[in-house]
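Residue numbers (my numbering), protein chains in the order written: chain S, 418 to 633; chain Y, 418 to 633.
Note that CB positions come from ideal geometry on N, CA and C, so glycine has one too.
Here the structure is a predicted model, which means the values were calculated and not measured.
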DNA sequence: TAAACAATCGGGATGTTACTGATTTTCAAT
DNA sequence: ATTGAAAATCAGTAACATCCCGATTGTTTA
């Protein structure tokens with residue numbers, strides 16, 4: 418039995434590469450390719466493949482919503498997300514939309530074949546780096562529907578983080594908040610421990626991602 | 418005669434795909450792969466390939482500066498940029514750095530083989546969509562709307578800035594670049610003076626805006 | 001050739017951070 | 001009202017980072 422696949426990615430050379438890799442597998446065949454979300458949905462309905470390999474960042478219709486539509490409008494078509502983002506919000510949204518797998522583009526091709534075979538047995542497949550993220554989020558969400566990623570940090574910690582990400586020095590922050598430098602130190606330490614981030618640069622990126630500061 | 422290539426891209430599955438495509442060409446061989454800029458330069462010096470296929474957005478050292486280094490430190494090694502950006506500044510800087518070709522990831526693989534063969538005859542190759550951008554720039558000599566990081570900072574300064582924005586400490590940077598901590602200090606000071614930015618957080622935001630680092 | 005730039009390094013004063021420990025405040029639950 | 005947990009506060013000390021000064025060497029450019 419031949420496994421039928423559709424490849425959806427907005428970069429043709431990436432599709433070409435994936436097709437070359439997949440067609441080295443004797444039991445797999447790429448029946449169609451798409452470079453945007455709308456076409457992907459259309460082709461999925463038309464070809465009813467076993468698997469759609471879905472990039473997230475695509476024009477017209479993003480991979481998440483394309484997945485949702487495929488789930489609504491077809492039966493038995495599984496979606497495996499192939500993304501460069503390990504951002505937990507993307508992962509969660511993709512899984513909510515009905516994806517059966519989530520792979521990072523960092524992965525080796527062999528991981529994709531494992532993912533395809535796993536997904537076809539009805540089980541989900543996640544990249545190891547992704548599993549961690551998802552489990553943490555899941556555990557956090559169990560007791561209450563707290564959508565905020567900031568359930569980790571206290572409001573004071575968020576204040577301090579924001580000021581750090583705005584480029585303020587420890588001394589300046591202490592002055593702005595009318596507390597001692599040592600207290601600011603401790604807050605920063607606590608923030609870094611909680612987030613497992615240990616540089617101002619990465620802290621800044623985190624704050625940007627979470628909307629605590631802007632890039633300007 | 419076999420054409421020797423090095424593939425540099427931070428996504429393993431993309432490298433896997435490109436390798437699969439290239440190795441279907443009987444006269445081409447991938448002699449090495451790299452997932453960051455510094456390794457790419459090292460491997461180029463070591464293997465002296467005919468062509469380096471170079472992604473622009475890579476950790477440690479971006480594709481533009483990696484290209485510049487390869488031009489300085491090797492002879493006869495051609496670089497073909499493979500980028501998802503058609504941003505004018507990236508194209509111009511990449512060509513100034515010494516790249517012989519600039520392909521968009523939208524391109525088909527066949528275009529890459531054409532590019533490789535063209536570049537080996539000593540001629541440049543650009544994706545059709547790119548040609549337009551470049552010609553306008555050269556013919557009309559439009560003033561660059563914003564002075565980019567490439568015109569303000571030296572290549573060494575950009576290296577240091579990128580590592581700072583990736584969260585590396587002064588000590589780590591000194592170790593990575595094999596220079597003294599004091600030199601890194603001076604570079605950072607020089608960077609901050611030139612940009613009139615005086616915190617790691619704002620430096621990080623600047624690096625993000627200029628494409629020297631990514632938000633994840 | 002002189003001037004400017006790039007890359008390298010050092011001394012010394014000051015500021016920041018990591019690690020450890022501790023006190024006070026707040027506030028919800030019993 | 002008391003207890004317990006979390007939050008917010010602060011300090012000492014060693015290591016590290018940063019700022020401000022100056023300096024050397026090689027390369028490029030006017």
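Who are the near neighbours of residue i in its chain, counting only those whose CB is closer than 6 Å to its CB and skipping five residues on each side?
{"i": "residue 483 of chain Y", "result": "454, 457 and 458"}
{"i": "residue 567 of chain Y", "result": "510"}
{"i": "residue 488 of chain S", "result": "515"}
{"i": "residue 557 of chain S", "result": "Any answer about residue 557 of chain S is weak, because its pLDDT of 48 lies below 50 and its placement is not dependable; what the coordinates show is given next. Same-chain partners within the cutoff: there are none."}
{"i": "residue 451 of chain S", "result": "425, 457 and 460"}
{"i": "residue 533 of chain S", "result": "468"}
{"i": "residue 475 of chain Y", "result": "427, 453 and 454"}
{"i": "residue 435 of chain S", "result": "424"}
{"i": "residue 547 of chain S", "result": "508 and 519"}
{"i": "residue 442 of chain S", "result": "none"}
Quick check on this structure: which residue in the options has the alpha carbon closest to the alpha carbon of residue i?
{"i": "residue 608 of chain S", "options": "S:632, S:593, S:631 and S:582", "result": "S:582"}
{"i": "residue 380 of chain Y", "options": "Y:422, Y:546 and Y:606", "result": "The question about residue 380 of chain Y has no answer, for chain Y in this structure spans 418 to 633."}
{"i": "residue 603 of chain S", "options": "S:617, S:577 and S:627", "result": "S:577"}
{"i": "residue 467 of chain S", "options": "S:481, S:474, S:449 and S:476", "result": "S:449"}
{"i": "residue 612 of chain S", "options": "S:545, S:597 and S:574", "result": "S:574"}
{"i": "residue 525 of chain Y", "options": "S:430, S:585 and S:599", "result": "S:430"}
{"i": "residue 493 of chain Y", "options": "Y:536, Y:452 and Y:527", "result": "Y:536"}
{"i": "residue 631 of chain Y", "options": "Y:478, Y:433 and Y:424", "result": "Y:478"}
{"i": "residue 626 of chain S", "options": "S:491, S:507 and S:446", "result": "S:507"}
{"i": "residue 571 of chain S", "options": "S:605, S:472 and S:541", "result": "S:605"}
{"i": "residue 616 of chain Y", "options": "S:586, S:446 and S:438", "result": "S:586"}
{"i": "residue 618 of chain Y", "options": "S:588, S:601, S:584 and S:594", "result": "S:584"}
{"i": "residue 503 of chain S", "options": "S:485, S:438, S:531 and S:472", "result": "S:472"}
{"i": "residue 517 of chain Y", "options": "Y:538, Y:505, Y:542 and Y:419", "result": "Y:542"}
{"i": "residue 485 of chain Y", "options": "Y:465, Y:470, Y:505 and Y:513", "result": "Y:513"}
{"i": "residue 418 of chain Y", "options": "Y:588, Y:505, Y:437 and Y:446", "result": "Y:446"}
Which of helix, strand or coil does DSSP assign to residue i?
{"i": "residue 544 of chain Y", "result": "coil"}
{"i": "residue 418 of chain Y", "result": "coil"}
{"i": "residue 471 of chain Y", "result": "strand"}
{"i": "residue 494 of chain S", "result": "coil"}
{"i": "residue 499 of chain Y", "result": "strand"}
{"i": "residue 430 of chain Y", "result": "helix"}
{"i": "residue 596 of chain Y", "result": "coil"}
{"i": "residue 632 of chain Y", "result": "coil"}
{"i": "residue 423 of chain Y", "result": "strand"}
{"i": "residue 442 of chain S", "result": "coil"}
{"i": "residue 557 of chain S", "result": "Reliability of the predicted coordinates at residue 557 of chain S is poor, the pLDDT of 48 falling under 50, and no value is obtained from them."}
{"i": "residue 582 of chain Y", "result": "helix"}
{"i": "residue 565 of chain S", "result": "At residue 565 of chain S the pLDDT is 41, less than 50, meaning the model places this residue with poor confidence; the figure from the coordinates comes in the next sentence. Looking at residue 565 of chain S - three-state DSSP - the assignment turns out to be coil, as it is neither helix nor strand."}
{"i": "residue 538 of chain Y", "result": "coil"}
{"i": "residue 625 of chain Y", "result": "helix"}
{"i": "residue 615 of chain S", "result": "coil"}
{"i": "residue 610 of chain Y", "result": "helix"}
{"i": "residue 549 of chain Y", "result": "helix"}
{"i": "residue 477 of chain Y", "result": "coil"}
What residue does the alpha helix (DSSP H) around residue i start on, and which one ends it?
{"i": "residue 486 of chain Y", "result": "480 to 490"}
{"i": "residue 450 of chain S", "result": "No alpha helix (DSSP H) holds residue 450 of chain S; the beta strand (DSSP E) holding it covers 445 to 451."}
{"i": "residue 408 of chain S", "result": "Only positions 418 to 633 of chain S appear in the structure, and residue 408 of chain S is not among them; the question remains open."}
{"i": "residue 457 of chain Y", "result": "454 to 464"}
{"i": "residue 510 of chain Y", "result": "505 to 514"}
Would you kindly report the start and end of the unbroken beta strand (DSSP E) that includes residue i?
{"i": "residue 522 of chain S", "result": "Here residue 522 of chain S belongs to no beta strand (DSSP E), and DSSP marks it neither H nor E."}
What residues in its chain sit with their C-beta under 8 Å from that of residue i, if we drop five residues either side in the sequence?
{"i": "residue 528 of chain Y", "result": "520 and 544"}
{"i": "residue 597 of chain S", "result": "591"}
{"i": "residue 463 of chain Y", "result": "449"}
{"i": "residue 522 of chain Y", "result": "499, 500 and 501"}
{"i": "residue 601 of chain S", "result": "577, 587, 590, 591 and 594"}
Exposed or buried, what is residue i when buried is set at 16 or more other beta-carbons lying within 10 Å of its beta-carbon?
{"i": "residue 579 of chain Y", "result": "buried"}
{"i": "residue 629 of chain S", "result": "buried"}
{"i": "residue 495 of chain Y", "result": "buried"}
{"i": "residue 480 of chain S", "result": "buried"}
{"i": "residue 560 of chain S", "result": "Bear in mind that a pLDDT of 36 at residue 560 of chain S, under 50, signals an unreliable position, so the model cannot answer this."}
{"i": "residue 610 of chain S", "result": "exposed"}
{"i": "residue 569 of chain Y", "result": "exposed"}
{"i": "residue 633 of chain S", "result": "exposed"}
{"i": "residue 549 of chain Y", "result": "exposed"}
{"i": "residue 497 of chain S", "result": "buried"}
{"i": "residue 439 of chain Y", "result": "buried"}
{"i": "residue 593 of chain S", "result": "exposed"}
Cutting at 7 Å between CB atoms, please list the residues of its own chain near residue i, excluding the five before and the five after it.
{"i": "residue 614 of chain S", "result": "620 and 623"}
{"i": "residue 565 of chain S", "result": "Here residue 565 of chain S scores only 41 on pLDDT, less than 50, and its place in the model is too uncertain to base an answer on."}
Just checking residue i against the ligand NAP - is the residue's beta carbon closer than 6 Å to any of the ligand's heavy atoms?
{"i": "residue 612 of chain Y", "result": "Although the ligand NAP was asked about, the structure shown includes no ligands whatsoever."}
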